[in-house]
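A.B. asks:
There are 2 protein chains.
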Amino acid sequence: MISAMNNSKLRTHSPDTYHHGDLRRALVQAALELAAEDKDWNFSLREVARRAGVSHNAPYNHFPHKRDLLDAAAAAGHDLLRSELTAAVAKIADPRAALSKMSSAYVSFGIKNPVLYRLMFSVAPSGPAWRPEGVLTAWVASRAVLENILRRGARIGIFDPALTRKSELQTGALYTWAVVHGLTMLAIDGLANVERLSIERIAQKVVTTTLRGLAGSGASTNGSTI
Amino acid sequence: MISAMNNSKLRTHSPDTYHHGDLRRALVQAALELAAEDKDWNFSLREVARRAGVSHNAPYNHFPHKRDLLDAAAAAGHDLLRSELTAAVAKIADPRAALSKMSSAYVSFGIKNPVLYRLMFSVAPSGPAWRPEGVLTAWVASRAVLENILRRGARIGIFDPALTRKSELQTGALYTWAVVHGLTMLAIDGLANVERLSIERIAQKVVTTTLRGLAGSGASTNGSTI
DNA sequence: CAGCCATGTGGATGACGGCAACATTAGATA
DNA sequence: TATCTAATGTTGCCGTCATCCACATGGCTG
Chain A
147 MISAMNNSKL RTHSPDTYHH GDLRRALVQA ALELAAEDKD WNFSLREVAR RAGVSHNAPY
207 NHFPHKRDLL DAAAAAGHDL LRSELTAAVA KIADPRAALS KMSSAYVSFG IKNPVLYRLM
267 FSVAPSGPAW RPEGVLTAWV ASRAVLENIL RRGARIGIFD PALTRKSELQ TGALYTWAVV
327 HGLTMLAIDG LANVERLSIE RIAQKVVTTT LRGLAGSGAS TNGSTI
Chain B
147 MISAMNNSKL RTHSPDTYHH GDLRRALVQA ALELAAEDKD WNFSLREVAR RAGVSHNAPY
207 NHFPHKRDLL DAAAAAGHDL LRSELTAAVA KIADPRAALS KMSSAYVSFG IKNPVLYRLM
267 FSVAPSGPAW RPEGVLTAWV ASRAVLENIL RRGARIGIFD PALTRKSELQ TGALYTWAVV
327 HGLTMLAIDG LANVERLSIE RIAQKVVTTT LRGLAGSGAS TNGSTI
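Order-wise, the sequence lines are chains A and B.
Numbering follows my numbering, in which position 214 of the first sequence is assigned residue number 360; successive positions increment by one, without gaps.
Numbering follows my numbering, in which position 135 of the second sequence is assigned residue number 281; successive positions increment by one, without gaps.
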């Protein structure tokens, strides 16, 4: 799922040159691999350089600090998540079904890429609300998808009509996001065990409850639209 | 909020001895302080030792690895959270009000101790579900408090009666926990902004929606019990 | 009072993050 | 096409870190 990254222009010129040709991307790739292997982000920058086949200092031409590499990896992750979410919801008209699908896609992403997911939400804010380039963008885009679903549902009365108001819509989106984000985190931490149910089944039940929270007065709480 | 830790037996003997007397606790304390100052857990073990006034190797008599110190800090955090949660709910009879109070206490804890909170859920599981000593215990205790509230509410019909079934109860608890955990995380990351509302106000509204998700058929969705 | 064991100290080792000076090459320019 | 330049890599170096080992200290127990 990681290799799905854009890797066009993989140096059309000589293969064993002094200059790598696409080192920046190779470094991010190596970092993602190392993270997946080690199950954390504590590898050394030198290790990444080694894996990319360059000297220990080459990375500094692309990332002033080690954290910048991690930020780039996080940004790639956010982008991947966003694309998976939009893809999951693309062809679904019914807001409830769409929300269901989006939620399960979200949780699935976290479970498939636990280390990446954790990194994506581990960016240490230096300033008041600093985010690495692109992360906030991807985030806002994802959130917009969610808000659109809620708005559509509110308009046709499936969700609380109050959600047509901007402030309420934002709150509703935050609520929904909190559920899936929290559930994903708990699942990654192995804290989301219920009896012998699979995490997918658990997520499904949680989403059903979530939908009831969003429901308008006339809506059924039956979650069978999944 | 950190200094509330149990610090009995603070060396009744000589104050300036070769042996510190309570180094273990002092190290955890120093680590918590450093984390709060740096806003992350990237300080060096030597720095912690320096702050505690001991040699760079003294900590190894209490923590075989640096991670063990972090685990101890995380455990202390979980314990503190558990005590705050139980205290918040202690005298509240109404399940809905109790859940509300517990939620706001939870989110408040995260906001007051963002770095600690992040650490508490950043323990890298080595084995299948390894947790540092005491963390899982505190977690289960917190969860039990939550489940009790839900069960009581289900019995008197305020919450979905299905919650009296064990499996459903666990799912319901997970749902609730996911909301507050997710909301807390998002708040810490500065991603929980709605218009110009304070985070407390936002949390309140989210909890209202959460309660609706838990509600039984006959329950009002009015969250004014707060 | 002698000795043991928990607790601290000092020093050494290999690795790391980051800086600086130097090398190599891809293109732009003429 | 010959050259110049900026981007990209490389080598070497520094201070710091985590961790290991040998040794010091001293409270407690026999």
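Glycine residues also receive a C-beta, built at the ideal position from the N, C-alpha and C atoms.
Values in this document were obtained by computation on a predicted structure and should not be read as measured data.
(1) At least one CB of chain B closer than 8 angstroms to the CB of residue 324 of chain A: is that the case?
(2) Counting Cβ pairs, one atom from each stretch, are 3 or more of them under 8 angstroms apart for the segment 282 to 301 of chain A and the segment 294 to 314 of chain B?
(3) Check each residue of the segment 333 to 347 of chain A: if its Cβ is closer than 8 angstroms to any Cβ of chain B, include it; give the result in chain order.
(4) With distance defined between alpha-carbon atoms, name the residue in B:315, B:219, B:255 nearest to residue 340 of chain A.
(5) Under a Cβ-count criterion, where at least 16 other Cβ atoms within 10 Å of its own Cβ denotes burial, should residue 311 of chain A be classed as buried or exposed?
(6) Check the Cβ of residue 327 of chain B against every Cβ in chain A and list those closer than 7 angstroms, keeping chain order.
(7) Taking buried to mean at least 16 other C-beta atoms within 10 Å of its own C-beta, is residue 228 of chain A buried or exposed?
(8) Going by the beta-carbon positions, is the gap between residue 325 of chain A and residue 324 of chain B smaller than 8 angstroms?
(9) Alpha carbon to alpha carbon, what distance is there between residue 356 of chain B and residue 356 of chain A?
(10) On a Cα-Cα basis, can you pick out the residue from A:320, A:198, A:258, A:246 that is closest to residue 353 of chain B?
(11) Would you list, in sequence order, the uninterrupted alpha helix (DSSP H) runs of no fewer than 4 residues that lie entirely inside the segment 169 to 252 of chain B?
(12) Does residue 263 of chain B get closer than 8 angstroms to chain A when you measure Cβ to Cβ?
(13) Between the C-alpha atoms of residue 393 of chain A and residue 202 of chain B, what's the straight-line distance to the nearest angstrom?
(14) For chain A, check one thing: does any of its Cβ atoms lie closer than 8 angstroms to the Cβ of residue 372 of chain B?
(15) Using a Cβ cut-off of 7 angstroms, which residues of the segment 288 to 317 of chain A contact any Cβ in chain B, in chain order?
(16) Just to confirm my understanding: we take residue 186 of chain B, look at its own chain, exclude 5 residues before and 5 after, and list those with CB closer than 6 angstroms. What are they?
(17) With a threshold of 8 angstroms between beta carbons, is residue 255 of chain B in contact with chain A?
(18) Could you check whether the Cβ of residue 320 of chain B sits closer than 8 angstroms to any Cβ belonging to chain A?
(19) Rounded to a whole number of angstroms, what is the C-alpha to C-alpha distance between residue 149 of chain B and residue 167 of chain A?
(20) Residues of chain A with a CB under 7 angstroms from the CB of residue 351 of chain B: which are they?
(21) Suppose you measure from the CA of residue 220 of chain A to the CA of residue 214 of chain A; what does that come to, to the nearest Å?
(22) Going straight from the alpha carbon of residue 360 of chain A to that of residue 249 of chain A, what length do you get?
(23) Out of A:200, A:266, A:183, A:175, point me to the one whose CA is closest to residue 165 of chain A's CA.
C.D. replies: According to the data block:
(1) To locate residue 324 of chain A, count along the first sequence from 1; it is residue 178. Answer yes: the Cβ-Cβ gap between residue 324 of chain A and chain B drops below 8 angstroms somewhere.
(2) When Cβ pairs closer than 8 angstroms are counted between the two stretches, the segment 282 to 301 of chain A is seen not to touch the segment 294 to 314 of chain B, the count staying below three.
(3) 335, 336, 337, 338, 340, 341, 343
(4) The count along the first sequence starts at 1 and reaches residue 340 of chain A at position 194. Comparing Cα-Cα distances from residue 340 of chain A to each of B:315, B:219, B:255, the minimum goes to B:315.
(5) Working through the first sequence from its first residue, we reach residue 311 of chain A at position 165. Exposed: under 16 other Cβ atoms inside 10 Å.
(6) One-based indexing of the second sequence puts residue 327 of chain B at position 181. Neighbours of residue 327 of chain B on chain A, chain order: 328, 331, 332.
(7) Along the first sequence, one-based indexing puts residue 228 of chain A at 82. By the 10 Å Cβ count, residue 228 of chain A comes out buried.
(8) Here the question's residue 325 of chain A lines up with position 179 in the first sequence. Here the question's residue 324 of chain B lines up with position 178 in the second sequence. Yes, Cβ-Cβ distance for residue 325 of chain A and residue 324 of chain B is below 8 angstroms.
(9) Translated into positions along the first sequence, residue 356 of chain A becomes position 210. Translated into positions along the second sequence, residue 356 of chain B becomes position 210. Looking at the two C-alpha atoms, the distance is approximately 7 angstroms.
(10) Counted from its first residue, the second sequence places residue 353 of chain B at position 207. Measuring from the Cα of residue 353 of chain B, the nearest candidate turns out to be A:320.
(11) 169 to 184, 191 to 198, 212 to 235
(12) As a first step, residue 263 of chain B must be located in the second sequence, where it is residue number 117. Not one chain A Cβ lies under 8 angstroms of residue 263 of chain B.
(13) This structure leaves residue 393 of chain A out entirely; chain A is present only between 147 and 372.
(14) Indexing the second sequence from 1 puts residue 372 of chain B at position 226. In this prediction, residue 372 of chain B scores a pLDDT of 39, lower than 50, which makes its location untrustworthy; no coordinate-derived value is stated.
(15) Of all residues in the segment 288 to 317 of chain A, only 313, 316, 317 place a beta-carbon less than 7 angstroms from a beta-carbon of chain B.
(16) Position 40 of the second sequence, counted from the start, is the residue given in the question as residue 186 of chain B. Same-chain partners within the cutoff: there are none.
(17) Within the second sequence, the letter at position 109 stands for residue 255 of chain B. It does not: the Cβ of residue 255 of chain B has no partner Cβ on chain A nearer than 8 angstroms.
(18) If you number the second sequence from 1, residue 320 of chain B lands on position 174. For residue 320 of chain B, the nearest CB of chain A lies under 8 angstroms from its own CB, placing it at the interface with that chain.
(19) Taking the second sequence and counting its residues from 1, one reaches residue 149 of chain B at position 3. Taking the first sequence and counting its residues from 1, one reaches residue 167 of chain A at position 21. Confidence at residue 149 of chain B is low in this model, with a pLDDT of 39, below 50, so the placement of that residue should be treated as unreliable; the coordinate-derived value is given next. Their backbone Cα atoms lie some 54 angstroms apart in a straight line.
(20) As a working mapping, residue 351 of chain B is identified with position 205 in the second sequence. Those within 7 angstroms of residue 351 of chain B in chain A are 317.
(21) For this step, residue 220 of chain A is matched to residue 74 along the first sequence. For this step, residue 214 of chain A is matched to residue 68 along the first sequence. Looking at the two C-alpha atoms, the distance is approximately 10 angstroms.
(22) As a position in the first sequence, residue 360 of chain A is number 214, starting the count at 1. As a position in the first sequence, residue 249 of chain A is number 103, starting the count at 1. Cα to Cα, the separation comes out at about 14 angstroms.
(23) Counting from 1 along the first sequence, the entry for residue 165 of chain A is found at position 19. Of the listed residues, the one whose Cα sits closest to residue 165 of chain A is A:200.
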